[in-house]
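Single-structure report; data block below.
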Amino acid sequence: MFWDKEIELLPREDLEALQLARLKKTVEVAANAPHYRKAFADNGITHEQLGSLDDLRRLPFTTKQDLRSGFPDGFLAVDRSEVVRMHASSGTTGTATVVYHTLKDVERWTDLVSRCLYMAGVRASDVFQNMMSYGLFTGGLGLHYGAEKLGVMVIPMGIGNSKRQITFMQQFGTTVAHIIPSYSLKLLETFDEMGIDPTKDTGLRILVVGAEPHSEEVRGRIEEAYGVFAVNSYGLSEMNGPGVAFECPHKSGIHLWEDSYILEIVNPETLEPLPDGEIGEIVLTTLRREAMPLIRYRTRDLAMVMPGTCSCGRAHRRLSRIKGRSDDMLIVKGVNVYPIQVEQVLMGFEEVGNNYLIVLDRQGPVDEMTVRIEVTSSLLAQGLEGLEALRGKIIRSLREEILFTPKVELVEPGLIPAGEGKAVRVVDNRPKE
Ligand code: AMP
Ligand code: ZN
1424 MFWDKEIELL PREDLEALQL ARLKKTVEVA ANAPHYRKAF ADNGITHEQL
1474 GSLDDLRRLP FTTKQDLRSG FPDGFLAVDR SEVVRMHASS GTTGTATVVY
1524 HTLKDVERWT DLVSRCLYMA GVRASDVFQN MMSYGLFTGG LGLHYGAEKL
1574 GVMVIPMGIG NSKRQITFMQ QFGTTVAHII PSYSLKLLET FDEMGIDPTK
1624 DTGLRILVVG AEPHSEEVRG RIEEAYGVFA VNSYGLSEMN GPGVAFECPH
1674 KSGIHLWEDS YILEIVNPET LEPLPDGEIG EIVLTTLRRE AMPLIRYRTR
1724 DLAMVMPGTC SCGRAHRRLS RIKGRSDDML IVKGVNVYPI QVEQVLMGFE
1774 EVGNNYLIVL DRQGPVDEMT VRIEVTSSLL AQGLEGLEAL RGKIIRSLRE
1824 EILFTPKVEL VEPGLIPAGE GKAVRVVDNR PKE
């Protein structure tokens, strides 16, 4: 059950004592980096003044903008010669940011990923197909190293080439795959074309899905279509990448490894801490990083801490599913909408297919939201009446969720473009103010 029993089962009190000791060390090391040397001097704080975990709040936040301003070496806390690896974030929301690792950093990251996989039930006898992009993106190498350390045979496929992916699954008896959730749904079309049923004709038993927000409804669809446990994996390049938080088989939130990170949830406007059960911005501090420690990093990801403890016995607290990033929030007709709210509604209808797109336009002064939705072939076969009935139902359910009436267009399966990387769910054609 446990990869690192002692750490995973550490009682809360001991876990917090460990965090404090590691925080002091982290702040001491971080002070070697130009950015933090200045930031700590401005705050008048040193690691010696940290007497309790509450003192964390005396430390400055670090933002994505800080990382950009410090590009490329402003956050480097060791000599360049000690660095063995760099990664860069996808840059979906602006210029890319770079993260450096020493050999020890890579080893610790690897161990965290092994811990995650082991917790989800992956064992040395498994065959692991890594269907994530290798290279600067951390999902490739991060999972690769973690799976290898666990003793699994790794197939480093990378993304794309759907038919070959499926053929390999069959030829090499893949039991565990790492895949972007939207792509896993898209891949079902290729399974269908090839006349292969993933539940019967492959040995798949676990799909590690992450890297983008996805609803419980989407997880349900993946589990049913593939006959697997679809385990939620959360991470971001700034915090290494995968291995930050992972779901245990109890499926009641994602355990964030608190021996390696300090977790805070704050109100993104006031930056005040929020209690368990309230959704806010995830703020993380690295506790075991040498090359590039980050203090109170504002991830912009929104989630809450699940109240209570998990029946698996781990004291490491659990995050809810990620609702999206604060910058994913759309303001339409003055109303705040997260794409994931739309997804939840759509995926609740079994006649709805596996892809959708939200398109925003402006007609004169008025915003318009169109939700374009693929429907299943069996619904199409039933003709216009069935389609109109579904359209009406979807409009009503969406209105209840988002509080205004969107336009809904139903289209044939395969008509909405889908890539192999993180899904694009929103096209905003409104003029920039
Ligand atoms: P990157 O640094 O390019 O790997 O992107 C990391 C971002 O992907 C995170 O900050 C999240 O916004 C998103 N992400 C990663 N894993 C998940 C997940 N399991 N659920 C929702 N969003 C995720
Ligand atoms: Zn658990």
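Per the working numbering, the sequence shown runs over residues 1424 to 1856.
From the three backbone atoms N, C-alpha and C, an ideal C-beta is built for every residue, glycine too.
- A straight line joining the alpha-carbon of Leu1438 with that of Asp1427 spans about 14 Å.
- Within the model, the alpha-carbon separation for Cys1733 versus Lys1609 is close to 33 Å.
- A distance below 6 Å between beta-carbons, with the five flanking residues on each side excluded, links Glu1766 to the following residues of its chain, in chain order: Ser1638.
- Asp1489 has its alpha-carbon roughly 34 Å from the corresponding atom of Lys1572.
- Contact annotation: the segment 1691-1709 does not touch the segment 1469-1478, with fewer than three C-beta pairs closer than 8 Å.
- Taking the Cα of Val1850 as reference, the smallest distance to any Cα among Glu1635, Asp1751, Val1521, Glu1530 is reached at Asp1751.
- In the same chain as Leu1611, and ignoring 5 residues on each side of it, the C-beta atoms closer than 8 Å to its own belong to Pro1621, Ala1648, Asn1777, in chain order.
- Fewer than three pairs of CB atoms, one per stretch, sit closer than 8 Å, so the segment 1689-1705 makes no contact with the segment 1553-1567.
- One Cα belongs to Gly1666, the other to Asp1534, and the distance between them is close to 9 Å.
- If you draw a straight line from the Cα of Leu1443 to the Cα of Leu1780, it comes to about 45 Å.
- Three or more Cβ pairs drawn from the segment 1790-1800 and the segment 1817-1836 lie within less than 8 Å of each other, which places the two stretches in contact.
- The three-state reading of DSSP puts Ala1456 in coil, since its state is none of H, G, I, E or B.
- If the five residues before and after Leu1540 are omitted, its C-beta is found closer than 7 Å to the C-beta atoms of Gly1569, Ala1570, Leu1573, all from its own chain and listed in chain order.
- Rounded to whole angstroms, the Cβ separation of Val1507 and Thr1525 is 6 Å, and the two are in contact under 8 Å.
- Fewer than three pairs of CB atoms, one per stretch, sit closer than 8 Å, so the segment 1737-1751 makes no contact with the segment 1810-1830.
- Looking at the DSSP output, Asn1655 shares a beta bridge with Val1632.
- For Ala1570, the enclosing alpha helix (DSSP H) has its first and last residue at 1561-1573.
- For Leu1476, there is no enclosing beta strand (DSSP E), as DSSP gives it neither H nor E.
- Here Val1450 has His1470 as same chain residues with Cβ atoms under 6 Å from its own Cβ, once five neighbours each way along the sequence are excluded.
- Phe1595 sits exposed, since fewer than 16 C-beta atoms from the chains shown fall within 10 Å of its C-beta.
- Note on Thr1625: 16 or more other CB atoms within 10 angstroms of its CB, so buried under the neighbour-count rule.
- Across the structure, Asp1528 and Thr1722 are spaced so that their CA atoms are roughly 20 Å apart.
- Residue pairing of Ala1726 in beta bridges, as defined by DSSP: Gly1703.
- Look at Pro1840 here: in three-state DSSP terms it is coil, with no helix or strand label.
- Shown here, Gly1618 sits in coil according to DSSP, grouped into three states, outside any helix or strand.
- For the ligand ZN, the residues with a Cβ under 6 Å from any of its heavy atoms are, in chain order, Cys1671, His1673, His1678, Cys1733, Cys1735, Arg1737.
- Taking all protein chains shown into account, Phe1827 has fewer than 16 neighbouring C-beta atoms within 10 Å of its C-beta and is therefore exposed.
- Counting along the chain, Met1592 sits inside the alpha helix (DSSP H) bounded by residues 1585-1595.
- Bounds of the beta strand (DSSP E) holding Ala1668 are 1664-1670.
- In the structure shown, Ala1846 falls within a coil segment according to DSSP collapsed to helix, strand and coil.
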